[in-house]
Amino acid sequence: MIDVNAPTFWSDLVDVLLVATGQTLYMVTLSLLITIVVGLPLGVVLVGTEPGGLFERPFGSRALGIALNRTLEFIVNLGRAVPFIILMIALIPVTRLILGTFIGTGAAVVPLSAVAIPFFARMVEIALKEVDHGLVEAADSLGASSWQIVAKVLVPEALPSIVLGVSTTITSIINYSAMAGVIAAGGLGDVAIRYGYQRYSGIHMVAVIIILFVLVMILQGVGSAVARKLSHRSSTPAESPVFRRLLAREPRGG
Amino acid sequence: MITISSLTKSFGSGGPAVRALDDVSLEVADGTIFGVIGQSGAGKSTLIRMVNQLERPDSGSVTVAGRNITELSGRELRLARQQIGMIFQHFNLLNHRTVQGNVELGLEIIGTDPAERRRRTADILELVGLGAKARSYPAELSGGQKQRVGIARALAGNPRVLLSDEATSALDPETTRSILDLIKTINRELNLTVLLITHEMEVVKRICDSAALLERGRVVEQGSIVELISRPGSRLAGELFPLGPVPDSNANTIVDITFSGGTADSPVISQLARRHGIDVSILGAVIEHIGGNQAGRTRLELPGPAHLHALPIAELRAQGLLVEVMRGQAA
Ligand SMILES: Nc1ncnc2c1ncn2[C@@H]1O[C@H](COP(=O)(O)OP(=O)(O)OP(=O)(O)O)[C@@H](O)[C@H]1O
Ligand SMILES: [Mg+2]
């Protein structure tokens, strides 16, 4: 039980929260970077190796394309199906192999990336499939290679949706990072469990919830704003975010 | 410039296969505009997509500028495609790039250096009348302007051939005319060979030198417009001069007389009336500007069976007019 009236209570609280927020941001940022670096190409390959895709026949072999597609599908589905808490424990040997240790904030990056990569790859896949096939044909008619089509058409056109996918992915990484206390990674989730739950401090609990909420709101807001900025589809002033906010503030007339 | 020989293509595995193209052969002469017209599902898109191999044929071949493009693949095919521009019904512009960026796309693919890219893009945008819009995004343009960007993009790499897949079908009539005129202009100024497909006779009328009629995957008729107009029973010419179905007429004769080129101002009716004393009634007349020339077709009703009018008809034919007896022949 924590004594709210202890002279150091509030300064301790701030210290704990600062450290935990730092740990959460560290885990989330690093996992996110890895997720994007691995998940984006994974999404491209997932779409590309489908029947009729750009990389239908890698090295001229359709069999290889099919095998690649099936394998990646399997891995992605597996990653999505296993509950995070189990994945985290199951990955302990892998983490130890990569980092030499399996506990601590840094070590949490491995399972967090492992859970986020399949999630993000699916979002990339969906975003890429939304790109009008006519654009691919136009690039084809100009004599573009498959890689040029990916780099100049598919990914840039899908970028607004991919950015939205990134912000959804961040939210889910933050979500999962709350469980990382299990492997002594610390973070805000860990504070909520150790202080809020085990030591009955409602104040810690509320503070963690507020910080997480603000974090997620900011990230979602930034994500949506960037996506909107990148998407040049809605360019009339009435649709621009600034204009809409102005309109919203306008008092409603009769 | 483009030789299409015996192209065949079927779609569908499992169920009954759709024969999209059935032994199609066409010849598009250098520097001309060739229109393929047909109804929805006739196989027009399939045909034009064969010319740059967006679609592979089951059999047959397509030669563009002396190269059999159906034999190419990989890098060779990509290089060949750079010589063949294409524009699309729905424009297919990249939303994330400005007008300038869209036009530069083809040049980036070819590997043109940035300075040259900018110079070339500025020139070509000027040509299509979009010099002032270089920094706009496609979402900020009208349909007609988007198609101009499409044309600029297709032309940026200096192709020999332009393919147009229903490029004006999504546009209103006035914009359609301005785009067609632009295509005609670049055809003349750049000596570009154009193969276009359409379901609108207006398009053929306005800019085509030659045309083919495609029906259920087969070419039922083809030729230069001049030739088609003077070909008896031509269905394409019938479409060019929409006089409608021949009316049921008791015992009288109905003839369609087609004027074109030098015969456009023959005083046919007064000739029939005065010289032969025939009571002519005019059932319909269409005058069209076709490929810049005046051409027209008049439908006349003459009293009594056709054999009574054998002499005047022969006389008109001797003047170079196309005279088709639509009814009253057998009597
Ligand atoms: N990829 C495809 N798979 C299966 N069938 C196809 C495919 N492409 C075309 N077809 C079929 O081939 C036939 C010809 O199609 P095509 O698109 O060439 O017609 P079109 O003349 O261009 O018609 P429209 O004016 O409607 O565009 C149609 O019956 C169509 O259903
Ligand atoms: Mg079509």
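Residue numbers (this note's numbering), protein chains in the order written: chain P, 27 to 280; chain D, 873 to 1203.
C-beta atoms are modelled at their ideal positions from N, C-alpha and C, and glycine is treated no differently.
Check: What is the DSSP secondary structure of A116(P), counted as helix, strand or coil?; Outcome: helix
Check: Tell me whether the beta-carbon of I1027(D) lies closer than 8 Å to the beta-carbon of G983(D).; Outcome: This sequence places Leu at residue 1027(D); Ile is not what is there. Contact flag unset, no.
Check: Quick check on V108(P): does DSSP put it in helix, strand or coil?; Outcome: coil
Check: Considering just the uninterrupted stretch of the alpha helix (DSSP H) at S167(P), what are its terminal residues?; Outcome: 159 to 167
Check: Name the chain P residues that come within less than 9 Å of R1007(D), Cβ to Cβ?; Outcome: Neighbours of R1007(D) on chain P: none; closest Cβ ~11 Å, over 9 Å.
Check: Report yes or no: do three or more beta-carbon pairs, one from the stretch 1101 to 1115 of chain D and one from the stretch 1184 to 1201 of chain D, lie closer than 8 Å?; Outcome: yes
Check: Helix, strand or coil for M873(D), going by three-state DSSP, please let me know.; Outcome: coil
Check: Given this structure, state the Cα-to-Cα distance separating G1192(D) from T1170(D), to the nearest angstrom.; Outcome: 15 Å
Check: Indicate the three-state DSSP secondary structure (helix, strand or coil) for R122(P) in the structure shown.; Outcome: helix
Check: Mind checking whether V141(P) and G191(P) have CB atoms under 8 Å apart?; Outcome: no
Check: Listed in chain order, which residues of the stretch 174 to 191 of chain P have Cβ atoms closer than 9 Å to some Cβ of chain D?; Outcome: Q174, K178, V179, P182, E183, L185, P186
Check: In terms of residue numbering, what span does the beta strand (DSSP E) encompassing N1165(D) cover?; Outcome: 1165 to 1174
Check: Within 10 Å of its beta-carbon, does S1014(D) have 16 or more other beta-carbons around it, so buried, or fewer, so exposed?; Outcome: exposed
Check: Any chance the CB of S917(D) is under 7 Å from a heavy atom of ligand 2?; Outcome: yes
Check: Can you grab the Cα-Cα spacing for the pair V240(P) / V234(P), in whole Å?; Outcome: 10 Å
Check: One question on the structure: do L98(P) and V150(P) come within less than 8 Å of each other, judged by their Cβ atoms?; Outcome: no
Check: Excluding sequence positions up to five away, which residues of its chain have a Cβ less than 6 Å from the Cβ of Q1094(D)?; Outcome: A1084
Check: Looking at C-alpha atoms only, which residue of F963(D), I1055(D), S1008(D), S917(D) is the closest neighbour of T1070(D)?; Outcome: S917(D)
Check: Please list the partners that R950(D) has in chain P, where partner means a Cβ-to-Cβ separation under 8 Å.; Outcome: G169, A170, S171
Check: I'd like to confirm something about H159(P): is its beta-carbon nearer than 7 Å to some heavy atom of ligand 1, or not?; Outcome: no
Check: If you measure from the beta carbon of H258(P) to each beta carbon in chain D, is any gap under 8 Å?; Outcome: yes
Check: Can you list the residues of chain P that A914(D) reaches, using a CB-CB cut of under 9 Å?; Outcome: Near A914(D) there are no residues of chain P at all, since even the closest Cβ is about 20 Å away, more than 9 Å.
Check: Using a Cβ cut-off of 7 Å, which residues of the stretch 911 to 938 of chain D contact any Cβ in chain P, in chain order?; Outcome: N924, L926
Check: So L997(D) contacts chain P; which residues on that side make the cut at Cβ distance below 8 Å?; Outcome: Correct list: empty, because the minimum Cβ distance to chain P is about 17 Å.
Check: Within 7 Å: the Cβ of E1038(D) and any heavy atom of ligand 2?; Outcome: yes
Check: Does A164(P) get closer than 8 Å to chain D when you measure Cβ to Cβ?; Outcome: yes
Check: So that I know if they touch, is there some Cβ in chain P lying closer than 8 Å to that of N845(D)?; Outcome: Residue 845(D) is absent from the structure shown; chain D starts at 873 and stops at 1203.
Check: Go through its chain and collect everything with a Cβ distance to I28(P)'s Cβ below 6 Å, but skip five positions before and after it.; Outcome: R225, S227
Check: So with CB distances below 7 Å, who are the chain P contacts of M958(D)?; Outcome: S167
Check: Compute every distance between the C-beta of H1071(D) and the non-hydrogen atoms of ligand 1, then say whether any falls below 7 Å.; Outcome: yes
Check: So what does G1095(D) bridge to, in DSSP terms?; Outcome: A1083(D)
Check: Report yes or no: is there a C-beta of chain P within less than 8 Å of the C-beta of A1109(D)?; Outcome: no
Check: Going by DSSP, which residues form a beta bridge with A184(P)?; Outcome: Per DSSP, none; premise fails for A184(P).
Check: Let's see if you can read the secondary structure: which residues bound the alpha helix (DSSP H) around D216(P)?; Outcome: 214 to 217
Check: Specify the secondary structure class of D29(P) as computed by DSSP and reduced to three states.; Outcome: coil
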